[in-house]
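Throughout the sequence shown, residue numbering follows mature numbering (1 follows the signal peptide of the UniProt record, and there is no 0), covering -26 to -1, 1 to 313 in sequence. The C-beta atom is built at its ideal place from N, Cα and C for all residues, glycine as well.
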Amino acid sequence: MTPKLVRVSLQASATALLSLSLMACAESGQATAPTPPGDVVTLGAQPGTVVLSGVQNEESAPQRVTLTNPGSAPVQIDSLSFGGASPEAFRLASVPSLPLTLAAGQSVDVQVRLAARAVTSVTGDVLRATLQARGTGISGEVPISALRAAGLEGNFEPSLAQIVDTLGYRLNVGTNALILGTDAMPRGEEVSAPLFRQAGAGKVTLRPVARYSPDGPSPFGLFTMSGSAPQLKALGTLATGTYQTLNPRLVEGVSSVSFESTQKFGIYLAANSYAPQNTYSLDAVNTGSTRHAVRVYPLRDAAGQPVANSYLLGFEPSRNGDYQDVVFILENVVPTTYP
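1. Taking Q279 as the reference, give the member of G142, E234, A124, S235 with the closest Cα.
2. CB-CB under 6 angstroms to Q106, same chain, minus the five flanking residues each way: which ones, in chain order?
3. Would you kindly check if the distance between the Cβ of S27 and the Cβ of L219 is under 7 angstroms?
4. Count Cβ pairs between the segment 132 to 151 and the segment 73 to 88 that sit closer than 8 angstroms; are there 3 or more?
5. Can you give, in chain order, each stretch of the beta strand (DSSP E) that sits fully within the segment 82 to 115 and has at least 3 residues?
6. Which value, in whole angstroms, describes the spacing of the CA atoms of T97 and L287?
7. Going straight from the alpha carbon of A203 to that of A67, what length do you get?
8. Do the segment 224 to 233 and the segment 242 to 254 meet, that is, are 3 or more Cβ pairs less than 8 angstroms apart?
9. The beta strand (DSSP E) that contains V69, what's its start and end?
10. Within 10 Å of its beta-carbon, does A304 have 16 or more other beta-carbons around it, so buried, or fewer, so exposed?
11. Between the segment 187 to 197 and the segment 263 to 272, do at least 3 Cβ pairs fall closer than 8 angstroms?
12. To the nearest angstrom, how far is the alpha carbon of F64 from that of E164?
13. Could you tell me which of T94, L88, E226 sits nearest to E33, measuring between CA atoms?
14. Look at the alpha carbon of T214 and the alpha carbon of G190, and state the distance between them as a whole number of angstroms.
15. Confirm, please, whether the CB-CB distance from P73 to Q37 is below 7 angstroms.
16. Go ahead and pull the three-state DSSP assignment for P309.
17. Can you look up P48 in the DSSP assignment and give me helix, strand or coil?
18. Return the residue from the list D52, L101, V307, L41 that minimises the CA-CA distance to Q85.
19. Do L121 and V100 have their C-beta atoms within less than 7 angstroms of each other?
20. Closer than 6 angstroms: is that where the CB of A244 sits relative to any heavy atom of the ligand SAM?
21. Rounded to a whole number of angstroms, what is the C-alpha to C-alpha distance between V112 and G148?
22. Report the three-state DSSP secondary structure of A208 (helix, strand or coil).
23. Counting only runs of 4+ residues fully inside the segment 232 to 282, write out the alpha helix (DSSP H) ranges in chain order.
24. Determine the closest residue to Q237 out of Y217, D257, L206, with distance taken between C-alpha atoms.
25. For A208 versus I137, is the C-beta spacing smaller than 7 angstroms?
26. Can you list the alpha helix (DSSP H) stretches of 4 or more residues lying completely in the segment 132 to 162, in chain order?
27. Determine the DSSP secondary structure at A173, reduced to helix, strand or coil.
28. When the Cα of L145 is compared with those of V281, V93, V307, G295, which residue comes out closest?
29. Between the Cα of A47 and those of Y248, T110, L224, S53, spot the shortest distance and give me the residue it belongs to.
30. Would R293 be called buried (16 or more neighbouring beta carbons within 10 Å of its own) or exposed?
31. Can you name the start and end residues of the beta strand (DSSP E) that A184 belongs to?
32. When you compare the CB positions of F289 and V307, do they come within less than 7 angstroms of one another, or not?
33. Would you check if the distance between the CB atom of T253 and the CB atom of P222 is smaller than 7 angstroms?
34. Pick helix, strand or coil for A63, following the three-state DSSP scheme.
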């Protein structure tokens, strides 16, 4: 019998890809029962897991997970379940009839939710589990992380540290508490980055990864300096209805925006329903009650390794100092000074 390698893949929200290796033995063209040698996980998600968020005692919005067999032979899925640290925190909102045979190239969708349960901390809980696919000759897992908030807004919001943890970044923001304070003293691994410049070829990418602020449209963009005055260029708008959440939607229907710049530039959050002034990464042009309104951290992956030319930006347009009203990831940049 000659071993034949087949691959089965799970894709979460069109971004997280789980590849499961399996061995099938073939003799005279007839497949026999395969024996899996182990799991090979290839995640194409950002930040490498399926990420959910919600509020205690309420279910989260569902997230689609697509199971695909890209191999040349059929495979059978016998069960779908959750394992890991907090399997009870999640549920499948839709489950195909099992066992299910996927022909070569065939796909099936399932829906994953954060279950309606109470929190154990006043600032909410960070929860982790794995979606496990088991079957004849297959075995594999895709990581899931979730942030369950204690409530909406104010002191019920999760901390910046919890947001960073859930997203899969290992960096020190200065405290696990909700409030970081609004003075200009650096917190944790914070760096001085009033402005940025493009680091290399390709475009700069700006991606909102969290929004814990009141509802309503929230425009943002880049600015350059002309003397002492900021010159604004709008890039996108956080959509109404996507607040108190991770990975908020944009009005434009995209998850990130990209641009090129030959000048020094900063990032700003436009005035909105609860903050009547623009909020800038450059302290000198902020006019609100919080002058040091953006904290910037060099990005680190889940292993704590630096992500080249990438930074996490936490915005504080108001005055309480939690710096998670909007959180962005900015890529292909290096910090620079003003002027």
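On the basis of the supplied data:
1. Against the sequence shown, residue 279 aligns to sequence position 305. The option with the nearest alpha carbon to Q279 is G142.
2. The residue given as residue 106 occupies position 132 in the sequence shown. Excluding sequence neighbours, Q106 sits near S55, G57, E115.
3. For the purposes of this step, residue 219 is taken as residue 245 along the sequence shown, with counting starting at 1. For the purposes of this step, residue 27 is taken as residue 53 along the sequence shown, with counting starting at 1. What sits at residue 219 in the sequence shown is Thr, not Leu. Yes.
4. no
5. The qualifying runs are 99 to 110.
6. For the purposes of this step, residue 97 is taken as residue 123 along the sequence shown, with counting starting at 1. For the purposes of this step, residue 287 is taken as residue 313 along the sequence shown, with counting starting at 1. Looking at the two C-alpha atoms, the distance is approximately 21 angstroms.
7. If you number the sequence shown from 1, residue 203 lands on position 229. If you number the sequence shown from 1, residue 67 lands on position 93. Each residue's Cα considered, the two are about 51 angstroms apart.
8. no
9. Here residue 69 refers to the residue found at position 95 of the sequence shown. Where V69 is concerned, there is no enclosing beta strand (DSSP E), given that its DSSP letter is neither H nor E.
10. As a working note, residue 304 is residue 330 in the sequence shown. A quick correction: the sequence has Leu, not Ala, at residue 304. By the 10 Å Cβ count, L304 comes out buried.
11. no
12. Along the sequence shown, one-based indexing puts residue 64 at 90. Along the sequence shown, one-based indexing puts residue 164 at 190. If you take the alpha carbons of F64 and E164, they lie about 34 angstroms apart.
13. Here residue 33 is taken as the residue at index 59 of the sequence shown, counted from 1. The candidate whose alpha carbon is nearest that of E33 is L88.
14. Working through the sequence shown from its first residue, we reach residue 214 at position 240. Working through the sequence shown from its first residue, we reach residue 190 at position 216. Spanning the two alpha carbons is a distance of roughly 4 angstroms.
15. Position 63 of the sequence shown, counted from the start, is the residue given in the question as residue 37. Position 99 of the sequence shown, counted from the start, is the residue given in the question as residue 73. Cβ distance not < 7 angstroms, so Q37 and P73 don't count as in contact.
16. As a position in the sequence shown, residue 309 is number 335, starting the count at 1. Strand.
17. The residue given as residue 48 occupies position 74 in the sequence shown. Coil at P48, not helix or strand.
18. Reading the sequence shown from its first residue, position 111 is the one you call residue 85. Ranking the options by Cα distance to Q85, first place goes to L41.
19. Here residue 121 is taken as the residue at index 147 of the sequence shown, counted from 1. Here residue 100 is taken as the residue at index 126 of the sequence shown, counted from 1. Taking the C-beta atoms as reference points, V100 is found nearer than 7 angstroms to L121.
20. Within the structure as shown, the ligand SAM is missing, as the structure has no ligands at all.
21. Taking the first residue of the sequence shown as position 1, residue 112 is located at position 138. Taking the first residue of the sequence shown as position 1, residue 148 is located at position 174. Per the sequence shown, residue 112 should be read as Ile rather than Val. If I take the Cα positions, the gap works out to 43 angstroms.
22. Taking the first residue of the sequence shown as position 1, residue 208 is located at position 234. Assignment of A208 by DSSP, reduced to helix, strand and coil, places it in the strand class.
23. none
24. Translated into positions along the sequence shown, residue 237 becomes position 263. The candidate whose alpha carbon is nearest that of Q237 is L206.
25. If you number the sequence shown from 1, residue 208 lands on position 234. If you number the sequence shown from 1, residue 137 lands on position 163. No. Outside cutoff.
26. 134 to 141
27. By 1-based counting over the sequence shown, the position of residue 173 is 199. A173: coil per DSSP, three-state reduction.
28. Position 171 of the sequence shown, counted from the start, is the residue given in the question as residue 145. For L145, the nearest C-alpha among the options comes from V281.
29. Residue 47 sits at position 73 when you count from the first residue of the sequence shown. Comparing Cα-Cα distances from A47 to each of Y248, T110, L224, S53, the minimum goes to T110.
30. Position 319 of the sequence shown, counted from the start, is the residue given in the question as residue 293. R293 comes out exposed.
31. As a first step, residue 184 is located in the sequence shown; it is residue number 210 there, counting from the start. Taken as a continuous stretch (DSSP letters only), the beta strand (DSSP E) holding A184 covers 178 to 185.
32. Locating residue 289 in the sequence shown gives position 315, where the first residue counts as 1. Locating residue 307 in the sequence shown gives position 333, where the first residue counts as 1. Going by C-beta atoms, F289 is not nearer than 7 angstroms to V307.
33. Stepping through the sequence shown from its first residue, residue 253 is reached at position 279. Stepping through the sequence shown from its first residue, residue 222 is reached at position 248. Cβ distance not < 7 angstroms, so T253 and P222 don't count as in contact.
34. Taking the sequence shown and counting its residues from 1, the one referred to as residue 63 is at position 89. Note: A63 maps to helix in three-state DSSP.
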